[in-house]
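Just so we're aligned, residue 233 is where the sequence shown starts under our numbering, counting upward by one.
Note that the Cβ used here is the ideal one computed from N, Cα and C, for glycine as well.
Bear in mind that the values here come from a model prediction, so they are computed numbers and not experimental data.
Accompanying notes for the structure given below.
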Amino acid sequence: MRGIKATVPCPVYPVTGGCEIKPITTFPRWLFRQAAAMRTGLVLFGLVMAISLLGTVVPGWEGLYHSWPFGLLLGLLVFNTGLCTVRQAPRVFGRRGLSRMETARGWSVWLIHAAVLLVAAGALWSALVSRDGSVELAAGEVARMACENAELKTK
Numbered sequence: 233m234r235g236i237k238a239t240v241p242c243p244v245y246p247v248t249g250g251c252e253i254k255p256i257t258t259f260p261r262w263l264f265r266q267a268a269a270m271r272t273g274l275v276l277f278g279l280v281m282a283i284s285l286l287g288t289v290v291p292g293w294e295g296l297y298h299s300w301p302f303g304l305l306l307g308l309l310v311f312n313t314g315l316c317t318v319r320q321a322p323r324v325f326g327r328r329g330l331s332r333m334e335t336a337r338g339w340s341v342w343l344i345h346a347a348v349l350l351v352a353a354g355a356l357w358s359a360l361v362s363r364d365g366s367v368e369l370a371a372g373e374v375a376r377m378a379c380e381n382a383e384l385k386t387k
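Here it is as C-alpha cells:
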C-alpha cells in the first residue's frame, strides 16, 4: 500500500500532487536507519569518550564506569555497532566485480566491527558469570578456591 488519501486539510506535496499520509511502516524503517547510522555511532562513541575522560580526570568520579547510565550508553553503542555490521553484511558478502582494494576495505571494516561485537559479548559474559573477591595470605600460606578447589601459593 503506497499511501492513504487524507480527507483533512494538509500541505500539497509536489511529487504526488496531493496529500498523502505515509504508511506506518515508514517510521520503523526510519528508526532502524537512525539506529544503524554511522553518525549515531559516532555521537555515541563521542559521548562514551567524554564521559570516560570525566571519570578518569575528575577525582571521585571513578564510580561513573559502574553506573547504569554509562552501561546504557555502552549498550546503545554496541547495539548500533551490531546494526551497522548486519546492515553492511550484504554489501560485503554479495558484491561482485570490485577491485581487490575495495573488497579488502569492505572486509576489513566488517571484520573490525565484528571483532568489537565479540569483545563486547566477552565483556558481557564476564560481567554476568565472573566472581570478584580477595583473600589475604601471608608468605607460605595456602588457600583453597571455592569455585575450582585449586590451591594458590604465595612465593
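Smallest Cα separation from residue i: which of the options?
i: T317; options: L343, P260 and R332; result: L343
i: S340; options: R328, A321, G329 and A353; result: A321
i: P301; options: G287, P291 and G292; result: G287
i: R265; options: V290, T335, L315 and L285; result: L315
Taking the beta carbon of residue i as the centre, do at least 16 other beta carbons fall within 10 Å, making it buried, or is it exposed?
i: G326; result: exposed
i: T313; result: buried
i: A268; result: buried
i: G292; result: exposed
Given residue i, which residues of its chain have a CB within under 8 Å of its CB, disregarding the five upstream and five downstream residues?
i: L305; result: L276, L279, V280 and I283
What residues in its chain sit with their C-beta under 6 Å from that of residue i, if we drop five residues either side in the sequence?
i: V367; result: A375
i: A352; result: V310
Closer than 8 Å is the cut-off here; do at least three beta carbon pairs connect the stretch 291 to 298 with the stretch 255 to 274?
The answer is no - the stretch 255 to 274 does not touch the stretch 291 to 298, with fewer than three Cβ pairs under 8 Å.
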